[in-house]
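Colleague: First the structure, then my questions, so here it is.
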Amino acid sequence: MTLILLFAFSFVVGFGAVVTPGPVSTAIVSESARRGFIVGPLVCTGHILLEFVMVMVLALGLSAGLNTPAVIAAIALLGGALLLWMGGTMVWGALKGKIALPKPGAETKLLSNWQLVGLGMASTIINPFWYAWWLTVGATYLAFPQVRAFGFASLLVFYLGHISGDYLWDSILSGVVGGGRKWITDGVYKWVIVACGAYLVYLGGVFIANPFLNR
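In structure tokens:
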């Protein structure tokens, strides 16, 4: 396998993972209606910074100690609880009018660029699926002889291919939502936030229940 093929292979794998709805895509949808297209790339930047750390951890061979039933269950329970809290806060805030689109001329404080990067990191950290994917699927791909054939270059190309899929999808998502700001009324935005929050609550419940269902 050449480095070009490895990049394409990693891109497809990464794109297939990122299109699955989760906390990162939910954050992008909720903020893109307020700030537009730029939200996707900025949130994704926070996300891929943590992915770099994860790739380094796996490359150093630390996945064996992390990929245990007890650790995975603890991650699922903690992450699930955080998702429940985050989703519940979104639903409550939207229904009570505490989360709304800024009015023209209003001094509503929008998230800064750095805060959006931080949002990408936070929404990644609370997602148990992200840990599970890298400790199982991601670790398996990184262990392939074809991936490791070129040494550090293989690792770098695999990472760049993976995050290219992330950037592409997140940019498409924020572009679609941000481009519709002219027709997104307060009422529409309210129910978008409610739907996103409800999905996070559902996702949190699934992750909390998963360790018990798989015993």
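Residue numbers (my numbering): 11 to 225. Built from N, CA and C at the ideal position, the CB exists for glycine as well.
Determine the DSSP secondary structure at Lys106, reduced to helix, strand or coil.
Modeller: Lys106 falls in the coil class under three-state DSSP.
Colleague: Within 10 angstroms of its Cβ, does Phe217 collect 16 or more other Cβ (buried), or is it exposed?
Modeller: Buried, by the Cβ-count rule.
Colleague: How many Å lie between Phe62 and Asn123 at the Cα?
Modeller: Looking at the two C-alpha atoms, the distance is approximately 20 angstroms.
Colleague: Just the Cα atoms here: how many angstroms apart are Ser164 and Ile135?
Modeller: Computed Cα separation, rounded: 26 angstroms.
Colleague: Would you mind giving the Cβ-Cβ distance between Gly148 and Leu68, rounded to the nearest angstrom? I have them listed as a contact below 8 angstroms.
Modeller: Confirmed, Cβ separation roughly 7 angstroms.
Colleague: For Phe19, is the classification buried or exposed, using 16 other Cβ atoms within 10 angstroms of its Cβ as the cut-off for buried?
Modeller: Flag for Phe19 reads buried.
Colleague: Write down the C-beta distance between Ala43 and Val202 rounded to the nearest angstrom, noting that I regard them as a contact closer than 8 angstroms.
Modeller: With 8 angstroms as the limit, Ala43 and Val202 qualify as a contact, their Cβ atoms being about 7 angstroms apart.
Colleague: How many Å lie between Asp176 and Val53 at the Cα?
Modeller: Taking the straight line joining both Cα atoms gives about 10 angstroms.
Colleague: Span of the alpha helix (DSSP H) holding Thr36?
Modeller: 33–45 is the extent of the alpha helix (DSSP H) around Thr36.
Colleague: When you compare each of Ala84, Asn137, His57, Ala80 to Trp95 by their alpha carbons, which one comes out closest?
Modeller: Checking every option, the nearest Cα to that of Trp95 belongs to Asn137.
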